[in-house]
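My numbering applies: residue 1127 is where the sequence shown begins, and numbers increase by one.
All residues carry an ideal CB built from backbone N, CA and C; glycine is no exception.
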Amino acid sequence: MARSAGALIVAAALAVVTFIPLARVMARAGGGALGPADWAALRFTILQAALSSLVSVALAVPVARALARRRFPGRGLLIALLGAPFLLPVIVAVLGLIAVFGRAGLLNRALETLGLPALSVYGLHGVVLAHVFFNMPFAVRLILQGWLAIPSERFRLAASLGFGPADVARHLERPMLREVLPGVALVVFVTCLSSFAVALTLGGGPRATTVELAIYQALRFEFDLGRAALLATLQFALCGAAVLATGALVLPSAFGAGLDRAPVPFAPKGWRRVTDAAVLVGATAFLLLPLAMVVARGLPGLLDLPTEVWAAAARSLAVALPSSFLATTGALVLSLASPRFGLVATLPLAASSLVLGTGLFLAVRPFANPTDVALPVTMLVNATLSLPFAYRILAPEARGLEADFGRLAGSLGLRGMARMRWLVLPRLRRPLGFALGVSAALAMGDLGVIALFAGEGGATLPLLVQRLTGAYRLEEAAGAALLLVLTSFALFWIFDRGGRHAAS
1127 MARSAGALIV AAALAVVTFI PLARVMARAG GGALGPADWA ALRFTILQAA LSSLVSVALA
1187 VPVARALARR RFPGRGLLIA LLGAPFLLPV IVAVLGLIAV FGRAGLLNRA LETLGLPALS
1247 VYGLHGVVLA HVFFNMPFAV RLILQGWLAI PSERFRLAAS LGFGPADVAR HLERPMLREV
1307 LPGVALVVFV TCLSSFAVAL TLGGGPRATT VELAIYQALR FEFDLGRAAL LATLQFALCG
1367 AAVLATGALV LPSAFGAGLD RAPVPFAPKG WRRVTDAAVL VGATAFLLLP LAMVVARGLP
1427 GLLDLPTEVW AAAARSLAVA LPSSFLATTG ALVLSLASPR FGLVATLPLA ASSLVLGTGL
1487 FLAVRPFANP TDVALPVTML VNATLSLPFA YRILAPEARG LEADFGRLAG SLGLRGMARM
1547 RWLVLPRLRR PLGFALGVSA ALAMGDLGVI ALFAGEGGAT LPLLVQRLTG AYRLEEAAGA
1607 ALLLVLTSFA LFWIFDRGGR HAAS
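Right under this line is the structure:
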């Protein structure tokens, strides 16, 4: 009963933060209908989101499988690095991708040396490439958690029965993937539905415009609140349909509880070992080359940063830390309640950060100067938009925890804080650390709401990077961007490492 009450409170808060800004925008909007350009943006949005989700998940499965069944020096560092692309500020990561795949990038220079035609990174394939770069590592981490959640006793039993790779895949791996993959694909699909910076940078023109980019154009250049509200409503409908469709596909794996023994990886030899090694090398090169380009360009400016950069970094931390704790706490409450709250937890993904920011701006302006509440509003919106990711991390293991130990905890009288202390927190420390790290890094690199609220002296680090770039202070901008990357990844590593260490 207490868990249901807490979940209802969190769900109500999410509904308020999500729907009131949208209602405020719609209250200022007039009538109207979607035009041909809007329908074209809708078609492109669905196409690129579907392709991005399909490619990201398809590539993530072999990478997660290789990490789950192989042990090698540097494995822990590689797993930690897998969080970096998803957690990078989008504009910084896109610049790294352009440095590798752009017209003057490393790939085209190599093709030119070989006498081959250059490749363009702009258009549909560029948008899909960038989305795979961002989302494939995150999908790997989610799928890898599913592999690690299979009790080691199941692998021991499989070994004693003489199971081969095909038998293990049939009886252990495929049931787990059947449970995990629909939710992972949903998160990637809905994330790509609300793509903005990627489409703005790599879209390549009106034919490669997403709904999120159309919302930005309607708000920023036309101030057409009616069109922006219609497009935002369309986004809600799309994401709601995706959530409902995915819910029908999820089937429980039913592995049961284990004895918390150290994992026993199933590591077939022969050509499968070579394949796993090739998969890991290819994925590492794909992820680290753009990151290396960002580091190389930012190092010279990192040594001589102006004072304003450090003040902006402090403001970003003041937003990121409370936001991550709010998002993870809310996600934990919802994940421990009925699975029916999954739809509510995913709801913020359907909301555009620009629409939320504009609605809150309109709601606050009659009562206070929006600049005075820039940081609290940014923290609240970031917590709301990070919660679906934290929920997706926590929900599968929370459901397994309840199925395996719920009746035992009830028979022992474990309720309330006692249940949380002795059952929930010890067994969910690993996903809790991961969720905290993801939420903190996402909030650290956000450049949505703060751009609408902050004044000249209230910029966070992402906003200051944008301003330095616009002022052609490129070396300082590159140094500040590298500081932003390092800080975001440090937050993620501290929380994620803390969770994994506590669970070991």
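Go ahead and pull the three-state DSSP assignment for residue i.
i, result
"Ile1519", "helix"
"Ala1566", "helix"
"Ala1440", "helix"
"Thr1455", "helix"
"Glu1582", "coil"
"Phe1493", "coil"
"Pro1432", "coil"
"Asp1350", "coil"
"Ala1597", "coil"
"Gly1477", "The sequence given here places Ala at residue 1477; Gly does not occur at that position. Coil."
"Val1575", "coil"
"Arg1229", "coil"
"Phe1322", "coil"
"Leu1153", "A small fix is needed here, since residue 1153 is Ala in this sequence, not Leu. Of the three classes helix, strand and coil, the one that applies to Ala1153 here is helix, per DSSP."
"Ala1383", "Summary for Ala1383: the model assigns pLDDT 43, below 50, so the residue's position carries little reliability, and this model does not support an answer."
"Ala1463", "coil"
"Gly1643", "Outside the displayed span of the chain (1127 to 1630) sits residue 1643, for which this structure offers no information."
"Leu1554", "coil"
"Thr1484", "helix"
Give me the residue from the options with the minimum Cα distance to residue i.
i, options, result
"Phe1618", "Ala1206, Pro1188 and Val1142", "Ala1206"
"Gly1231", "Leu1573, Met1419 and Ala1153", "Met1419"
"Pro1465", "Val1499, Phe1260, Tyr1517 and Gly1249", "Tyr1517"
"Leu1506", "Gly1468, Ser1449, Leu1473 and Leu1488", "Ser1449"
"Arg1525", "Gly1468, Pro1188 and Leu1413", "Gly1468"
"Pro1588", "Glu1602, Thr1595, Gly1571 and Gly1456", "Gly1571"
"Leu1360", "Glu1348, Ala1340 and Gly1583", "Ala1340"
"Gly1605", "Ser1479, Val1564, Val1421 and Val1459", "Val1421"
"Leu1303", "Gly1485, Ala1597, Val1187 and Thr1144", "Val1187"
"Ala1354", "Gly1161, Pro1199, Pro1514 and Ala1509", "Gly1161"
"Val1143", "Thr1401, Ala1566, Gly1485 and Leu1527", "Gly1485"
"Arg1553", "Ala1368, Glu1238, Leu1425 and Pro1522", "Pro1522"
"Arg1150", "Gln1592, Gly1483, Ala1500 and Asn1508", "Gly1483"
"Val1314", "Gln1174, Ala1580 and Pro1243", "Gln1174"
"Ser1130", "Leu1458, Arg1556 and Arg1599", "Leu1458"
"Gly1559", "Gly1624, Leu1501 and Thr1586", "Gly1624"
"Ile1135", "Leu1240, Pro1502, Val1470 and Arg1398", "Val1470"
"Leu1213", "Arg1599, Leu1590 and Ser1565", "Ser1565"
"Arg1196", "Asp1402, Pro1474 and Phe1515", "Asp1402"
"Phe1487", "Pro1147, Arg1599 and Ala1141", "Pro1147"
"Val1316", "Asp1350, Ala1367, Glu1238 and Val1306", "Ala1367"
"Glu1602", "Tyr1342, Asp1430, Thr1455 and Ala1567", "Asp1430"
"Arg1164", "Ala1344, Thr1472 and Gly1202", "Looking at the sequence provided, one finds Asp at residue 1164 rather than Arg. It is Ala1344 whose Cα lies nearest to the Cα of Asp1164."
"Pro1432", "Pro1243, Thr1455, Leu1590 and Leu1356", "Leu1590"
"Gly1408", "Ala1159, Leu1208 and Leu1447", "Leu1208"
Identify the continuous alpha helix (DSSP H) that holds residue i and give its terminal residues.
i, result
"Asn1234", "Leu1232 to Thr1239"
"Gly1309", "Arg1300 to Leu1319"
"Gly1468", "Gly1468 to Thr1472"
"Leu1339", "Val1337 to Gln1343"
| query | What runs of the alpha helix (DSSP H), each 4 residues or longer, lie entirely inside the stretch 1243 to 1281? | reply | 1250 to 1275
| field | Touching by the beta-carbon criterion (3+ pairs, under 8 angstroms), the stretch 1300 to 1320 and the stretch 1176 to 1183 | value | yes
| field | Any alpha helix (DSSP H) of 4 or more consecutive residues that is wholly inside the stretch 1180 to 1227 | value | 1201 to 1207, 1210 to 1213 and 1216 to 1227
| query | Just checking, does the stretch 1220 to 1228 make contact with the stretch 1317 to 1328 on the three C-beta pairs under 8 angstroms criterion? | reply | yes
| query | Should the stretch 1431 to 1443 be called in touch with the stretch 1607 to 1616, which here means at least 3 C-beta pairs below 8 angstroms? | reply | yes
| Segment contact flag, the stretch 1494 to 1505 with the stretch 1164 to 1177, C-beta cutoff 8 angstroms, min 3 pairs | no
| Validate contact between the stretch 1261 to 1276 and the stretch 1332 to 1347 using beta carbons, cut 8 angstroms, 3 pairs | no
| Contact between the stretch 1409 to 1423 and the stretch 1250 to 1263: three or more CB pairs below 8 angstroms? | yes
| message | Could you check whether the stretch 1189 to 1198 touches the stretch 1576 to 1585, counting it as contact only if at least three pairs of C-beta atoms, one from each stretch, sit closer than 8 angstroms? | response | no
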